[in-house]
Structures are given as structure tokens and as C-alpha cells.
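In the numbering used here, the protein residues as written are 803 to 1162. Using N, Cα and C, we set each Cβ at its ideal position, and we do this for glycine too. Notes follow once the structure below has been shown.
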Amino acid sequence: MSEIIHRSKTRPVKVGDITIGGSNELFIQSMATTKTHDVEATVAEILRLEEAGCQVVRVACPDERAAYAIGDIKKRINIPLVVDIHFDYKLALIAIEQGADKIRINPGNIGRREKVEAVVNACKAKGIPIRIGVNAGSLERKILEKYGYPTADGMVESALHHIKILEDLDFHDIIVSLKASDVGLAVEAYEKASKAFDYPLHLGITESGTLFSGTVKSAAGLGALLQKGIGNTLRVSLSADPVEEVKVAREMLKVFGLSSNAATLISCPTCGRIEIDLISIANEVEEYISHIKAPLKVAVLGCAVNGPGEAREADIGIAGARGEGLLFMHGKTVRKVPEATMVDELKVEIDKLAQEYFDK
Ligand code: SF4
């Protein structure tokens, strides 16, 4: 079973009942696509996201109707709720009063010092953090004039500018994102930020695209960062059902051994030696294990020639043979199973292994 690699240490920041940063595992975030004032639709979408494995959810807050809906939404969901404010400090105050678990607002955009103080004091009183969201597409004019165009240094400078405003008010429950739709720029900005301050980093490649292209783009950028131990929470941004964002994020965490509660599928690419209908079996098994909350590795291989040996790291798997399958564990064949029942038998064995994991 996978071992979990812990992240490089950052300051721990509490968000509802979880702690982002410190030596904690990465948390998966997504954002509701509904109108926030439509409580029924928003709650329904958030519950679907929870079911998919979302651990923190954000909602837009463009107006008072949305801000006043926060309390009702909070009561009906089970994961921390982040409220996205942008500029209007009054909306921030309402959202905080309504029970937001975190707000996303850039203090440098709020305006007069009294307004910033009002928001910071409200966050302090409720013990909730602020996410500073730097975006390459909306850097401060002063920074753009200095660098000529959005650069990683400019993005970090922008983050430090907002951080300083909060630190001067003795506020340190800060999480920072530095998003760009240019993968290279985002990666460089996060790398520089991870050296410039120790606040937890919220990873994201913004406006990354549709399900297919956005997944590839996010995997390229976020993968480079995860490999270096950078990042404490992540959101995959897709022009798709947000449930897909959560699925992609979960898969990414699994790739880097950062998920303690999800099973992984290993399946062969198939070739002329194939003995079973591997593609449909792989899809069926993948769907089945998406509900398994143990870090099992499950292999599905087209033939037994290189089969079990090729997937030695798998906890369990099947390899096709003529008219039957070989059920194997850790590279060793356990028994032969008829083709007609092999997927069902595999599922039973997966359930047993998952139970053993939880009984340990
Ligand atoms: Fe080909 Fe068998 Fe390897 Fe699959 S497991 S790629 S079918 S040799």
C-alpha cells in the first residue's frame, strides 16, 4: 500500500475543522458553480462535491443576497466553506458573521485602512483565515510598471504586499495562491513564493481549460510543484462539472503518494497478447475502486505473459489468460478464476483487503 509523503513544513492554518499547512496532507478544494443565493442548488452541488472527495469548498459572493445565504448553506454541508469576496469589505463582514470558515480577499484591494481593519478584526474574532489570491492577470499597476508584464517575481511581490498589510495588523492566519494560466509562470511563482514566506500555499493553474486539456495542463503544472513538496491545498480549475475537478485532484494526489484514502488502478496499455476485454474491465474496476477509501493498488492486465510480474507493486490484481483470469497479490498468483466471474471475484477480494486495512 502507498506510503504518504508529508509536505515541507509551513505555518499551520485552521480552516473550519481542518488544518491546512503544517505537516498535514494536501486538501482538495473546488468551487461551486451555482448562484450562491440559490441555497438549494448550491447545497446540492456541494454535497455532490463532498461525495466525490472534496474537502474544502468555495462559493462566489458577488452581492448581499449571496453573503446572507452563507449561514443557511453552512448548516447543510459538512466541509469548510470559503467565501470569495474580491473588493467589497461589507460583503466580507456579512459572510464572516454568517459563519464563513475562510474568506478570499486581497487586503490591498479593500481600500481605506479602517475597512481592512474591520475585516481583519472580524476574522480574528471568529478565528478564521484569509486567503490572498494573486492572479497574474490582475497584478497591481505599480508592479506591472516595474516588471513590464506579469512575472513570477512580480506575483511574489504582490503577495508580499498583501501579506504585509495583514502582518502589520498582527494577523497571520494567511493562505496564499499565485495563479496564472501560463503553466511555467505559475510554477515559477509558487517556487519563489515557497522560499519567500512560510504561509501555506493554495495551488492552482487558473483558466486551464476544458476537462481534457485542462486536466493535462493542471497535471503538468501542479505535478511539477507536488513533486517538489510545494503546496498545501489545491484546486484544479476546469470548464466542466466541478466534480470532475475533484476527481482530477484526487488522481493527482494519488500519483504523488499524497492520498491516504483512495485506491489506485494500474492497467496495462494492451497489446497483441491481450486475452480479455481489458479496456471495459479497467473502466469497471476504476469506477468500483473510486468508492474504496483505502490506499490499495489494484492492477488489471491483459495477459499473464508479463502480467503479475509487471504489476508487482500492486496489492491485488487480475491478469487475463485464455478463457480465464489469474488473481494475484503482490506479484504472486493466488488462484485461477473463470473469465465470466473474474471481475466480481476481484471486487470481493478488494473489499476484503480494504476491510483488513481499516481493521489494522
Ligand atoms: Fe500486452 Fe500482456 Fe503487457 Fe498487457 S500485460 S501490455 S496484454 S503483454
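- Taking 6 Å as the cut-off, one finds no heavy atom of the ligand SF4 near enough to the beta carbon of Gly1127.
- The alpha carbon of Ile830 has as its nearest neighbour, out of Ile945, Leu851, Ile965 and Arg1075, the alpha carbon of Leu851.
- Short note on Val845: C-beta not closer than 6 Å to any heavy atom of the ligand SF4.
- By the neighbour-count definition (other C-beta atoms within 10 Å, threshold 16), Pro1071 is an exposed residue.
- Here Asn1034 is buried: its Cβ has 16 or more other Cβ atoms, across all protein chains shown, within 10 Å.
- For Arg1114, the Cβ stays outside the 6 Å cut-off from all heavy atoms of the ligand SF4.
- Assignment of Gly1074 by DSSP, reduced to helix, strand and coil, places it in the coil class.
- Across the structure, Ser1092 and Val1048 are spaced so that their CA atoms are roughly 12 Å apart.
- One thing to note: Val978 has its Cβ within 7 Å of the Cβ of Ile934.
- Residue pairing of Pro1140 in beta bridges, as defined by DSSP: Glu1126.
- Within the chosen limit of 6 Å, the ligand SF4 does not reach the beta carbon of Arg1124 with any heavy atom.
- Between Arg1037 and Glu1077, the beta carbon gap of about 41 Å keeps them out of contact (Cβ cut-off 8 Å).
- The C-alpha of Ala938 is placed about 11 Å away from the C-alpha of Val985.
- Looking only at Gly1104, Tyr1159 and Gly1133, the smallest Cα-Cα distance to Ile1118 is reached by Gly1133.
- A direct Cα-Cα distance of roughly 42 Å separates Ile1094 from Thr953.
- It is roughly 50 Å from the alpha-carbon of Gly956 to the alpha-carbon of Gln1157.
- Taking 7 Å as the cut-off, the Cβ atoms of His964 and Pro909 count as close.
- Separation of the CB atoms of Val936 and Ser960 is rounded to 5 Å, and the pair is thereby assigned contact status at 8 Å.
- The three-state reading of DSSP puts Lys948 in helix, counting H, G and I together.
- At a cut-off of 4 residues, the continuous stretches assigned as alpha helix (DSSP H) that sit fully inside the region 937 to 997 are 943 to 949 and 954 to 970.
- In the same chain as Ile872, and ignoring 5 residues on each side of it, the C-beta atoms closer than 8 Å to its own belong to Thr838, Val861, Cys863, Leu883, Val885, Ile896, Ala897, Gln900, Gly901 and Ala902, in chain order.
- Contact annotation, Leu1055 with Glu1046: C-beta distance approximately 15 Å; criterion of less than 8 Å not satisfied.
- By the Cβ test, the region 841 to 849 is not in contact with the region 811 to 825, since fewer than three Cβ pairs between them sit closer than 8 Å.
- When distances are taken from the beta-carbon of Thr1072 to the heavy atoms of the ligand SF4, the shortest one is below 6 Å.
- Straight across, the Cα-Cα distance linking Arg1137 with Gly1127 is about 9 Å.
- Leaving aside the five residues that flank Val1139 on each side, the residues in its chain whose CB is nearer than 6 Å to its CB run, in chain order, Gly1127, Leu1129 and Glu1147.
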